[in-house]
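J.: No gaps in the numbering here: position 5 of the sequence shown is 5 in the working numbering, and each next residue is one more.
Ideal Cβ placement from N, Cα and C applies to all residues, glycine included.
All figures in this text were calculated on a predicted structure; none of them were measured in a lab.
Take this structure first; my questions come after.
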Amino acid sequence: MDLVALLGKNVRLLRTAADLSQEELAFRANMKRSYLSDLERGTRNPSVRALGRLASALGVPPSRLLEL
């Protein structure tokens, strides 16, 4: 599986499991909701900084975002 698509799938799964909207997760991760939406759809390549912010906002280690 493409890593960008895998990241997006994992972010969406973790976000919905935490009962967070895209808006709330984007706020917690200090990013725009449209950027988060692009990441979840696998249409945007994330920066390392974005991975760290998302992992922190979701309360998981960064490596969890790339697990199969």
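Do L68 and L6 have their beta-carbon atoms positioned less than 8 Å apart in this structure?
T.: Position 6 of the sequence shown holds residue 6. Position 68 of the sequence shown holds residue 68. One thing to note: L6 has its Cβ within 8 Å of the Cβ of L68.
J.: Taking the alpha helix (DSSP H) that D38 falls in, what are its first and last residues?
T.: Sequence index remark: in the sequence shown, residue 38 carries index 38 (1-based). In this chain, the alpha helix (DSSP H) harbouring D38 covers 33-41.
J.: Determine the direct distance from the alpha carbon of V11 to that of R28, and round the result to whole angstroms.
T.: For the purposes of this step, residue 28 is taken as the residue at position 28 of the sequence shown. For the purposes of this step, residue 11 is taken as the residue at position 11 of the sequence shown. One C-alpha to the other measures close to 13 Å.
J.: Is it right to say A17 is buried, meaning 16 or more other beta carbons lie within 10 angstroms of its own, or is it exposed?
T.: For the purposes of this step, residue 17 is identified with residue 17 of the sequence shown, where counting begins at 1. The residue is exposed, with fewer than 16 neighbouring Cβ atoms inside 10 Å.
J.: Can you tell me which of N45, L54, G52 puts its alpha carbon nearest to the alpha carbon of V4?
T.: On the sequence shown, residue 4 is found 4 positions in, with the first residue counted as 1. V4 has its Cα closest to that of N45, out of N45, L54, G52.
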